[in-house]
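Number of protein chains: 2
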Amino acid sequence: MPMEVFNYPAWNLIALERGSAIPLYQQLFAQLRGLIADGRIPRGARLPPSRMLSDELAISRNTVVLAYEKLATEGYLQKRLGAGTFVEQVFPEDHLPRPPVAMPGGDERPARPSIHAEALLALDVPPERIERFGLSPGIPALNEFPYEVFARLAGQHWRAHAASHTGYDYARATLPLSRQIAAYLEETRGIVCRPEQVIIFSSTVQAAAMTAHVLLNQGDRVLLEDPGHVTQLATLTACGLRVEPVPVDDDGFDIAAHDHAASPARLAIVSAVEQFPFGCTMSAARRQALLDWAAAEDGWVLEDDFNSEIRWSGAPVPPLHAGNSGRVVYTSSFNRVLAPGLRLAYLVAPQELIEAFKLAQRIFSFYAPLPDQALVAEFMRSGHLASHLRRMRAIYRERAGTLADGLRSHLGGDFIVPDVKAGLHLTIRSPRPFDDRAVSKRLLDHEMDCPPLSRYCRSALKRHGFVLGFGNNPVKRIRRYAEILARTIEELG
Amino acid sequence: MPMEVFNYPAWNLIALERGSAIPLYQQLFAQLRGLIADGRIPRGARLPPSRMLSDELAISRNTVVLAYEKLATEGYLQKRLGAGTFVEQVFPEDHLPRPPVAMPGGDERPARPSIHAEALLALDVPPERIERFGLSPGIPALNEFPYEVFARLAGQHWRAHAASHTGYDYARATLPLSRQIAAYLEETRGIVCRPEQVIIFSSTVQAAAMTAHVLLNQGDRVLLEDPGHVTQLATLTACGLRVEPVPVDDDGFDIAAHDHAASPARLAIVSAVEQFPFGCTMSAARRQALLDWAAAEDGWVLEDDFNSEIRWSGAPVPPLHAGNSGRVVYTSSFNRVLAPGLRLAYLVAPQELIEAFKLAQRIFSFYAPLPDQALVAEFMRSGHLASHLRRMRAIYRERAGTLADGLRSHLGGDFIVPDVKAGLHLTIRSPRPFDDRAVSKRLLDHEMDCPPLSRYCRSALKRHGFVLGFGNNPVKRIRRYAEILARTIEELG
Chain A
1 MPMEVFNYPA
11 WNLIALERGS
21 AIPLYQQLFA
31 QLRGLIADGR
41 IPRGARLPPS
51 RMLSDELAIS
61 RNTVVLAYEK
71 LATEGYLQKR
81 LGAGTFVEQV
91 FPEDHLPRPP
101 VAMPGGDERP
111 ARPSIHAEAL
121 LALDVPPERI
131 ERFGLSPGIP
141 ALNEFPYEVF
151 ARLAGQHWRA
161 HAASHTGYDY
171 ARATLPLSRQ
181 IAAYLEETRG
191 IVCRPEQVII
201 FSSTVQAAAM
211 TAHVLLNQGD
221 RVLLEDPGHV
231 TQLATLTACG
241 LRVEPVPVDD
251 DGFDIAAHDH
261 AASPARLAIV
271 SAVEQFPFGC
281 TMSAARRQAL
291 LDWAAAEDGW
301 VLEDDFNSEI
311 RWSGAPVPPL
321 HAGNSGRVVY
331 TSSFNRVLAP
341 GLRLAYLVAP
351 QELIEAFKLA
361 QRIFSFYAPL
371 PDQALVAEFM
381 RSGHLASHLR
391 RMRAIYRERA
401 GTLADGLRSH
411 LGGDFIVPDV
421 KAGLHLTIRS
431 PRPFDDRAVS
441 KRLLDHEMDC
451 PPLSRYCRSA
461 LKRHGFVLGF
471 GNNPVKRIRR
481 YAEILARTIE
491 ELG
Chain B
1 MPMEVFNYPA
11 WNLIALERGS
21 AIPLYQQLFA
31 QLRGLIADGR
41 IPRGARLPPS
51 RMLSDELAIS
61 RNTVVLAYEK
71 LATEGYLQKR
81 LGAGTFVEQV
91 FPEDHLPRPP
101 VAMPGGDERP
111 ARPSIHAEAL
121 LALDVPPERI
131 ERFGLSPGIP
141 ALNEFPYEVF
151 ARLAGQHWRA
161 HAASHTGYDY
171 ARATLPLSRQ
181 IAAYLEETRG
191 IVCRPEQVII
201 FSSTVQAAAM
211 TAHVLLNQGD
221 RVLLEDPGHV
231 TQLATLTACG
241 LRVEPVPVDD
251 DGFDIAAHDH
261 AASPARLAIV
271 SAVEQFPFGC
281 TMSAARRQAL
291 LDWAAAEDGW
301 VLEDDFNSEI
311 RWSGAPVPPL
321 HAGNSGRVVY
331 TSSFNRVLAP
341 GLRLAYLVAP
351 QELIEAFKLA
361 QRIFSFYAPL
371 PDQALVAEFM
381 RSGHLASHLR
391 RMRAIYRERA
401 GTLADGLRSH
411 LGGDFIVPDV
421 KAGLHLTIRS
431 PRPFDDRAVS
441 KRLLDHEMDC
451 PPLSRYCRSA
461 LKRHGFVLGF
471 GNNPVKRIRR
481 YAEILARTIE
491 ELG
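Protein chains in written order, with full-length UniProt numbering: chain A, 1 to 493; chain B, 1 to 493.
Structure (structure tokens):
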């Protein structure tokens, strides 16, 4: 099965840098050799036909042929007429004597990262957001954070000499915040759960790692939204899982587009309410199909609801978990409703897996600081979160509207500019392909951080456009940024 | 090589519960079947001879024979005369039809954890410390935490509207604390490093996970101190590594006791200054041997210095990293010098691996909350940490002395009671074996939390005694606890 070959995580780790001084075939050669040396492409394995790999990586077939030839010349591959290209069973280095041993006490060899770390270093993980730059996505209005309330609550917390939140009692000290989150989820998201099901940690990435640990075995397949988060792919691969992108359209994640019989998967990670980066909502039919798949195939859904809690228009859209919690693990964070710097995230574990999730949390030591949890619990209990969100909704509505208006008037009809009703960003798409990476790069000169849509696409079918944040930008600047964006697109044609 | 079989992580996951209603052979059978079904013991693999496994697990040979026989009867094993016992290539369930599919929308199958999670659920991970119980180890004096200073500093931090510590700027916002830690390490531990090398996160467990990711490949071997931390073993196994215990004696971790040629390892995790639970210090000769091993074998050392920063007597003992930083990753936390609830830990990365460590930190999202980091940085900068530690040293000296005196007068000569000069616990050993678990269990009735030494021993050679904390107990109570401990040991014989 060629699909089998392509889904092996090794292929996900190949990332070629166009425009680099190193020719593409040389990059491909080096990365393939690394994966072969690592054993990620095992000895004796059949490599995909050159045409297939070139399609998968969106490079010319000749580049693949050259890389394969170089690997064959160096003794890593053999071609068998009519059968394909195979990894050798014996490598040249197998015949080498052991490397000379350094003098005791000395250390002449340079430190070298693991093959895995090297592969990830070479991976095109998007740069970290530059939040002081214009339109940087995903960042809440940092100046509107309730600093004074936090100053008061923090002072109260520490002055109470709360020894229960200073020690190691991670399991019990977390309960007040779990209770607040359970109540909040029921009120705002229609999710009914017991406080014991709410497990609190620092990042939704940890939710994915714990879910993988509790529910999946090494090498199991995980379905990810395409386009979608890029670092998520790196994290799951690092957890020993095989990752497979599934296309997203205006109706959201489409489980029917995945051939389960050919490549059975155990977990799908989706954002049903506000997909990232598209912002689409999963339709009722797609939701039912996904839940049916999970029930029928012993699969699981990790619902990452990170972007949908701040909504200023339209009827609230329920998360997947609100309808059927049996095979859905729900996760979200306080990054957008409060502040990313607080590093507070949580998941809702299925009732019968609470103990397994708590053990995973303990083994990986995924706990959030206790004083912070006490602070946020009190912030919620005394009604501050509700009033903060009311205030922020008005601010974000104005900022989102300003950005959409600015884009529509400056960009003309070249882009699809959606109406945004929730979240902190707006994704614009161009119906025709263009070099969105070049535009994004040029915008850095204007102190604007607008990631290209193509970066989030895993499949060969790239979409082009920009992910534009409005959360942390005042209205006046948003108008100016829309203008600069339009001008830069025009300049680079 | 039988060693090869024994070092396979599968064996580390076998944990039998004595005194359970389920007979031992039945437990062993069920756990072996799980490991075989999981593929952790691969099809076709040779199992260790029954005598070997019985030694390894410290059970009777007959128990192993019975478990093997049951597995053979059920079609998972075959005995080949004169060759040994092998896992079958074909299992009974291979012939079964696929399980019936649940009705769409319904979900009749119960949630089941991954085989890995099930194995860990069955593992004898020690219970969480009950810190309100007497002598619970590893807990600092929670009532002596500088609450008022923190109240003042927290108020100042939030009132300054520090937007740079509210957002996503994890990489830059962390620098003030990195600078303070680098200066602190140079002054108190003799470690010279640049602030950029100091990577801050939430737990030293994350240091092990990152080090494994950056420096090791899947299946590489890690050497752990025996006796030593038990959860560490679970964490590393969960990271896909093979774990091998290496004995510790009064001179500390002994790399010479490990047969490198037979089972090459890539990483040793040690506490050179204050070993847990023994409290011994690694001798100069052992240190040199360990560094020589690392230099010669392309190995690494993760130095966990968690327990040695609070010392009230004797000359300061330098960590391993202070002498030779080339192949040593240093890690510690604020758990003992400040408070576990703060969840702040750090590592010092080798200069040439800073980028690889930072990428691992990003991929796993191992960042500590930014406001907390700002708070602790200011706490250190303004000299509060130094004066807090001065004050705590006097308190811990008195508590440690009281405990040692109490034990010596009540226990008589049955136990070795060491002089403790640092840390928050004291480990007493009995020269003869006894049921320390039973005593530990009985002590819970007296609201005392004194873990048995045998729990921390991985090898068949168990040592017996107790790990006794004095950090969080006032002097008066410590006297009383020593008395109850002695009485309970006497009662249970």
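Built from N, CA and C at the ideal position, the CB exists for glycine as well.
Applying the 10 Å Cβ sphere with the 16-neighbour rule, what's the burial state of residue i?
i	result
T73(B)	exposed
P97(B)	Caution is warranted here: a pLDDT of 35 is assigned to P97(B), below 50, making its placement in the model unreliable, and no coordinate value can be reported.
R458(A)	buried
S308(B)	buried
D305(B)	buried
N143(B)	exposed
E378(B)	buried
L290(B)	buried
D435(A)	exposed
G82(B)	exposed
L241(A)	buried
R432(A)	exposed
Assuming contact is defined by CB atoms lying nearer than 7 Å, are residue i and residue j in contact in what I supplied?
i	j	result
Y25(B)	T85(B)	no
V205(A)	V222(A)	no
P452(A)	R437(A)	yes
R40(A)	S50(A)	no
I484(A)	Q361(A)	no
G465(A)	R429(A)	yes
W300(A)	L359(A)	no
Just verifying my parser: in three-state terms, what is the DSSP assignment at residue i?
i	result
F334(B)	coil
residue 516(B)	Any property of residue 516(B) remains undetermined from this structure, which presents chain B solely from 1 to 493.
W300(A)	strand
I22(B)	coil
Y8(B)	Summary for Y8(B): the model assigns pLDDT 42, below 50, so the residue's position carries little reliability, and this model does not support an answer.
S365(A)	coil
A356(B)	helix
P452(A)	strand
F253(B)	strand
S114(B)	coil
Q218(A)	coil
S430(B)	strand
D226(A)	strand
G471(B)	coil
Rounded to the nearest angstrom, what separates residue i and residue j at their Cα positions?
i	j	result
V149(B)	A234(A)	41 Å
T331(A)	A207(A)	7 Å
residue 495(A)	L224(A)	Residue 495(A) is absent from the structure shown; chain A starts at 1 and stops at 493.
W312(A)	R393(A)	5 Å
A171(B)	D372(B)	15 Å
R33(A)	I14(A)	11 Å
L236(B)	Q218(B)	11 Å
R18(A)	R266(A)	34 Å
Q89(A)	A296(B)	28 Å
V101(A)	D298(B)	Here V101(A) scores only 29 on pLDDT, less than 50, and its place in the model should not be relied on; the value that follows carries that caveat. Rounded to whole angstroms, V101(A) to D298(B) spans 9 Å at the Cα level.
P104(B)	D292(A)	Its pLDDT being 31, under 50, P104(B) is placed unreliably in this model, and the value from its coordinates should be taken loosely. Approximately 5 Å between the Cα atoms of the pair.
K476(A)	V417(A)	19 Å
R480(A)	I181(B)	42 Å
F145(B)	L338(B)	7 Å
A482(A)	L185(A)	35 Å
Y68(B)	F29(B)	7 Å
Compute the beta-carbon to beta-carbon distance between residue i and residue j, rounded to the nearest angstrom, for a pair I have assumed lies under 8 Å.
i	j	result
G279(B)	G423(B)	6 Å
Q191(B)	P319(B)	First, the amino acid is wrong: residue 191(B) is Ile here, not Gln. That belief holds up - the Cβ atoms of I191(B) and P319(B) are roughly 7 Å apart, short of 8 Å.
P247(A)	A257(A)	5 Å
V87(B)	L77(B)	6 Å
What residues from chain D crowd round residue i, counting only those whose CB sits closer than 7 Å?
i	result
V205(A)	Annotation note: the requested chain D is absent from the structure, which comprises protein chains A and B.
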